[in-house]
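Novice: To start, I am sharing the structure in question, which I have written as structure tokens.
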Amino acid sequence: MLGRITIFFLCISLFFNALSQNKSPGRPKIGLVLSGGGAKGIAHIGVLKVLEDAGIKVDYIGGTSMGSIIGGLYAIGYSPDTLAKLITGQNWMQLLTDGYPRTQLSIEEKEISEKYIATFPITQKGIEIPQGIVEGQNITNLLTRLCSQYAGINDFSKLPVPFFCVATNIENGQKVILDKGDLPAAMRASMAIPSFFTPVEIDGQLLVDGGLIDNYPVKELRERGADIIIGVSVVNSISRRENLNSFLDIIKQSVFFYGDRNFQDNIAATDIFINPDLSAFSIMDFESGDSLIAAGEQRAREFLPRLKALADSLNTISPVKSVKLNTQPLDSIFLKEIIVEGLKNVSGKLILSKLQLQVMNRIPLAELDRAVERIYGSRFFRKVVYQLVPLEDENYRVVFHITESNRGSLGVGIHYDNENEAAILLNVVLRNLLINGSKFNGDIVLGSNPRLTASYYLSRGFKPGFLVSFDVFNTDAYFYENEQATLYLRYGSMRVGAFAQTVYENNTTFGIGPEFEWTSIKDKVSLVDFGSATNTNFSIKSFFKINTFDRFVYPTKGLKITARAEFITPTYTEIIDSLITGKYLQSNLFTFEYQQAIKPWYFMVIKPRVAFGTTFSDNPHPQYEFRLGGTNPTYIENSIKFYGLKYMQKSGEAFILADLGLQSEIYRNHFLTLNLNIGSVADEVEDWFSTGSNSLKGVGFTYGYNSMIGPIEITFSGSNINKGIDTFLNIGFWLY
């Protein structure tokens, strides 16, 4: 009761104070200030729910960091319930790491960028450390979509609730009040925790998290005319030693240390101060959204009588109509113009080809997000964000702000398996080398089976680009009689090719062109004198690839299709022989493989696989025969994985197989997989389904752990051909 009387007389005092200063008498203004605090800022939503229940009409909002995100969205009309659904429905891991659907990674990047345990950027000055771990691309684009209804308002005082947020100029340490300009950019700048997020440039100023200077901006609310301050702080003052348990805690302490000087003074200037107990949460507990909201609401409800008394007192002076909060993002826009800013080395034509947006058409905002993912997936860019600019007649201009990637990168990978033993992979990627928009990729595998590969390509989307490839390796090969290897060979190959290729939707590519191949087969250990043989061939090769798997290892959805056709010319010796015998030998080859991942139940992924191939030749060169067996992919193109057979155990001029995999994630990153495969390998297609040694049946059972260095797997397998159980151990990403 005493609290209600105090609040009533406070409101009356403010009313008469306005009269004494010749101000127009009216309802005292309420200012709401929301502090920063990382994930803890989600608790603000619970407090907003209670403010709504109490009937409090907020006249000004000021926020810092996460408080600027929640405050800015509330200022443009998102209800607390809608905010709760938005926050708890986000994939925070993807948002905070600038991740994106693997389907939007360009198909060549799927093949070259997902087998390294560490990468280091290469710039014009050498190897450098970036300004922040995360560019904040995904958060910026999310905020742009959520604020799309108010894209045309550059003065934040004209929003449904006037708003400002606080950032810090990292060059001079000055506080910057953001109350004009692009709202999503302002909110993103206010939450740019130094070292974690990269700074944001606005009006020539390089801005980071406002919590460095003022994590609880009460003074600015007073200056804007707020008579009564309701404040919410989701962080305490400086943490004690026992609570500094991670590098994130250290970052938070560093960010808010200086701002703490103003914190206590601002609390003293707050009329109603709400500080939820969030000691059980960290600043990165974004997955605990429901619990954080509940904690904020629980604490705010302790203030509900005072809040209701305040609302009743203000309504006594001047009643206000309640405003329904129902803002939603725009569903679509009419696209009149596209502008791309920030390009230096990459062609604007590449951007437009990947955007696939038609001007003078209505497009869904979701398609804008997919267009950004397509561009970002090319890996030519560190950051791709867009800004909506309203024009006349409800048309829009879309401005894409692009930051190009570093000049290149160095990558390191490791691998071990009990067939190929240990190996180290060194990788270099160079972008815009010789030609803008081009990419060079080089791999060196150091181990018992060394390999050097290099590719240089220019992608122009669906329009034809080109690919030049080089591949040289030396590896073990085997020939079997029954279950015993009778020939241990050293197989060497060098291939050089030049192809015209097109890429569609980042997931599909087709190419065709000439390829030169030199091969060598030499005795290593054998029961007979095999000797050695070399071949030199020239072919016209074409390939077709689709890859929509959502993950490189242990995919849960998507498909992968590879097809290859080659028209192979005879060797020089064969041409001479054909002149003598009158028989012209010609080899043609075709292979096809289809894989899919289907998740009908949350605990099970079904992975069917079908493959076949034939040489279309009476006397193919040995390197073009198909060799089935083993559980690991290899350098050799015609070596086919088949559970239950030893590596390269069965060979022939034609093969067919079907494989059914059942994959289950029994615990986070721990997988069990059962594979059942059947097939046939023969010298003639018509012998595929004959009984006897051509008929193959095998089973494999794998335990795998998806670790930081790649999958760690142990596989037990058996077949109708071999006796007993074979064991295969794999550690690390496949390097082949």
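Read in order, the letters of the sequence shown are residues 767 to 1502 in this note's numbering. The C-beta atom is built at its ideal place from N, Cα and C for all residues, glycine as well.
Report the rounded CA-to-CA distance for I1513 versus A1066, giving the unit in angstroms.
Specialist: Missing from the structure shown is residue 1513; the chain here goes from 767 to 1502 and no further.
Novice: Starting from E1359, trace the beta strand (DSSP E) in both directions and tell me its first and last residue.
Specialist: Start at 1 with the first residue of the sequence shown, and residue 1359 comes out as number 593. First-last of the beta strand (DSSP E) with E1359: S1353 to W1367.
Novice: Taking the Cβ atom as the reference point for each residue, do I1141 and K1120 lie within a distance shorter than 8 Å?
Specialist: Along the sequence shown, read from residue 1 onward, the residue named residue 1141 stands at position 375. Along the sequence shown, read from residue 1 onward, the residue named residue 1120 stands at position 354. Yes, the pair counts as a contact, with Cβ atoms nearer than the cut-off.
Novice: Go ahead and label F1494 buried or exposed: buried means 16 or more other beta carbons lie within 10 angstroms of its beta carbon, across all protein chains shown.
Specialist: The residue labelled residue 1494 in the question sits at position 728 within the sequence shown. The residue is buried, with at least 16 neighbouring Cβ atoms inside 10 Å.
Novice: Measure the C-alpha to C-alpha separation of G1490 and K1463 and round it to an integer number of angstroms.
Specialist: Your numbering for residue 1490 matches position 724 in the sequence shown. Your numbering for residue 1463 matches position 697 in the sequence shown. Going from the Cα of G1490 to the Cα of K1463 covers about 14 Å.
Novice: Excluding the five sequence neighbours on either side, which residues of its own chain have a C-beta within less than 6 Å of the C-beta of F1282, listed in chain order?
Specialist: In the sequence shown, the residue the question calls residue 1282 occupies position 516. Excluding residues within five positions, the ones whose Cβ falls inside 6 Å are V1262 and F1304.
Novice: I'd like the list of long-range same chain contacts for A1363, defined as Cβ closer than 7 Å, with 5 residues on each side in sequence excluded.
Specialist: Start at 1 with the first residue of the sequence shown, and residue 1363 comes out as number 597. Counting only Cβ-Cβ distances below 7 Å, and skipping sequence neighbours, we find F1315, P1321, T1322, K1323, G1324, V1371 and K1373.
Novice: Identify the residues that DSSP records as bridge partners of P794: which are they?
Specialist: In the sequence shown, residue 794 corresponds to position 28, counting from 1. Bridge partners of P794: none, in fact.
Novice: What separation, rounded to the nearest whole angstrom, lies between the Cα atoms of I1168 and V1106?
Specialist: Taking the sequence shown and counting its residues from 1, one reaches residue 1168 at position 402. Taking the sequence shown and counting its residues from 1, one reaches residue 1106 at position 340. Their Cα atoms are separated by approximately 7 Å.
Novice: Which whole-angstrom value describes the C-beta separation of F1408 and G1445, a residue pair presumed to lie in contact below a C-beta threshold of 8 Å?
Specialist: The residue labelled residue 1408 in the question sits at position 642 within the sequence shown. The residue labelled residue 1445 in the question sits at position 679 within the sequence shown. Confirmed, Cβ separation roughly 6 Å.
Novice: Within a Cβ cutoff of 7 Å, which residues of the same chain sit near P983, ignoring the five residues on either side of it in sequence?
Specialist: Here residue 983 corresponds to residue number 217 of the sequence shown, with the count starting at 1. Hits under 7 Å: V799, G828, T830 and V932.
Novice: Taking C-alpha atoms, which residue in Q870, A809, A841 and D864 lies nearest to N715?
Specialist: Because residue 715 is not part of the residues shown, which for the chain are 767 to 1502, the question remains open.
Novice: Under the three-state reduction of DSSP, which class applies to A1046: helix, strand or coil?
Specialist: Residue 1046 sits at position 280 when you count from the first residue of the sequence shown. Looking at A1046 - three-state DSSP - the assignment turns out to be coil, as it is neither helix nor strand.
Novice: Under 6 Å Cβ to Cβ from G1177, same chain only, skipping five residues before and after it: list those, please.
Specialist: The sequence position of residue 1177 within the sequence shown is 411, counting from 1. Around G1177: Y882, T885 and N1193.
Novice: Per DSSP, N1184 forms a beta bridge with which residues?
Specialist: Mapped onto the sequence shown, residue 1184 falls at position 418. BP columns for N1184 are empty, so no partner.
Novice: Is R954 helix, strand or coil when you go by DSSP?
Specialist: The count along the sequence shown starts at 1 and reaches residue 954 at position 188. In this structure, R954 counts as helix in the three-state DSSP scheme.
Novice: Note the first and the last residue of the continuous beta strand (DSSP E) segment covering N1122.
Specialist: Position 356 of the sequence shown, counted from the start, is the residue given in the question as residue 1122. Residue identity differs from the one stated: residue 1122 is Gln in this sequence, not Asn. Per DSSP, Q1122 belongs to no beta strand (DSSP E) and is neither H nor E.
Novice: May I ask you to report which of helix, strand or coil DSSP gives E875?
Specialist: Reading the sequence shown from its first residue, position 109 is the one you call residue 875. Looking at E875 - three-state DSSP - the assignment turns out to be helix.
Novice: Taking C-alpha atoms, which residue in F930, Q915 and S914 lies nearest to D921?
Specialist: Numbered from its first residue, the sequence shown carries residue 921 at position 155. Taking only the C-alpha atoms, the option nearest D921 is F930.
Novice: Along the chain, which unbroken stretches of the beta strand (DSSP E) at least 3 residues long are found entirely within the region 1404-1462?
Specialist: Runs of the beta strand (DSSP E) inside the region 1404-1462: 1416-1418, 1420-1433 and 1436-1448.
Novice: Using DSSP with H/G/I as helix, E/B as strand and the rest coil, what is R988?
Specialist: Position 222 of the sequence shown, counted from the start, is the residue given in the question as residue 988. In the structure shown, R988 sits in a helix (DSSP, three-state: H, G or I).
Novice: Output the distance between the C-alpha atoms of F1482 and K1326, rounded to the nearest integer angstrom.
Specialist: Within the sequence shown, numbered from 1, the residue matching residue 1482 stands at position 716. Within the sequence shown, numbered from 1, the residue matching residue 1326 stands at position 560. Each residue's Cα considered, the two are about 25 Å apart.
Novice: Taking S1504 and V1269 to be in contact with their CB atoms under 8 Å, please state how far apart those CB atoms are, rounded to whole angstroms.
Specialist: In the structure as shown, the chain begins at 767 and stops at 1502. Residue 1504 is therefore absent and cannot be evaluated.
Novice: Who pairs with R1067 in a beta bridge, going by DSSP?
Specialist: Taking the sequence shown and counting its residues from 1, the one referred to as residue 1067 is at position 301. Note: R1067 sits in no beta bridge, so no partner.
Novice: How many Å lie between E1139 and I919 at the Cα?
Specialist: Taking the first residue of the sequence shown as 1, we reach residue 1139 at position 373. Taking the first residue of the sequence shown as 1, we reach residue 919 at position 153. The straight-line gap from Cα to Cα measures roughly 27 Å.
Novice: If we count the other Cβ atoms within 10 Å of its Cβ and call it buried at 16 or more, is K789 buried or exposed?
Specialist: Position 23 of the sequence shown holds residue 789. Reliability fails at K789, whose pLDDT of 46 lies under 50, so the model's placement of it is uncertain and no value is given.
Novice: In terms of residue numbering, what span does the beta strand (DSSP E) encompassing K1149 cover?
Specialist: Here residue 1149 refers to the residue found at position 383 of the sequence shown. Note, K1149: beta strand (DSSP E), F1147 to P1156.
Novice: Starting from P846, trace the alpha helix (DSSP H) both ways and give me its first and last residue.
Specialist: Locating residue 846 in the sequence shown gives position 80, where the first residue counts as 1. It spans P846 to T854 - the alpha helix (DSSP H) in which P846 sits, taken as one unbroken run.
Novice: Should T1086 be labelled buried (16 or more other beta-carbon atoms within 10 Å of its own) or exposed?
Specialist: Looking up residue 1086 in the sequence shown gives position 320. According to the sequence displayed, residue 1086 carries Val and not Thr. So V1086 counts as exposed.
Novice: Take G1498 and list the residues in its own chain whose beta-carbon comes closer than 7 Å to its own, dropping the five residues that flank it on each side.
Specialist: Translated into the one-based positions of the sequence shown, residue 1498 becomes position 732. Closer than 7 Å at Cβ, skipping near neighbours: G1179, I1180, H1181, Y1182, I1475 and G1476.
Novice: By the DSSP assignment, the alpha helix (DSSP H) with D1575 in it spans what residues?
Specialist: Residue 1575 is absent from the structure shown; the chain starts at 767 and stops at 1502.
Novice: Quick one: what's got a C-beta closer than 6 Å to G797's C-beta in the same chain, skipping five residues either side?
Specialist: As a first step, residue 797 must be located in the sequence shown, where it is residue number 31. Y826, L987, A992 and I995.
Novice: Could you check how far apart the C-beta atoms of N1092 and S845 are, in whole angstroms? I think they sit under 8 Å.
Specialist: Translated into positions along the sequence shown, residue 1092 becomes position 326. Translated into positions along the sequence shown, residue 845 becomes position 79. Sure, about 7 Å apart at Cβ, within 8 Å.
Novice: Is it right to say Q787 is buried, meaning 16 or more other beta carbons lie within 10 angstroms of its own, or is it exposed?
Specialist: Here residue 787 refers to the residue found at position 21 of the sequence shown. For Q787, the predicted structure reports a pLDDT of 45, less than 50, and the residue's modelled location is therefore unreliable. A value from the coordinates is still provided. So Q787 counts as exposed.
Novice: Look at the alpha carbon of V824 and the alpha carbon of I1083, and state the distance between them as a whole number of angstroms.
Specialist: To locate residue 824, count along the sequence shown from 1; it is residue 58. To locate residue 1083, count along the sequence shown from 1; it is residue 317. Near 16 Å, if we compare the C-alpha coordinates of I1083 and V824.
Novice: If contact is defined by three or more beta carbon pairs under 8 Å, each pair taking one atom from either stretch, is the region 951-961 in contact with the region 904-916?
Specialist: The region 904-916, when compared against the region 951-961, does touch it at the 8 Å Cβ threshold.
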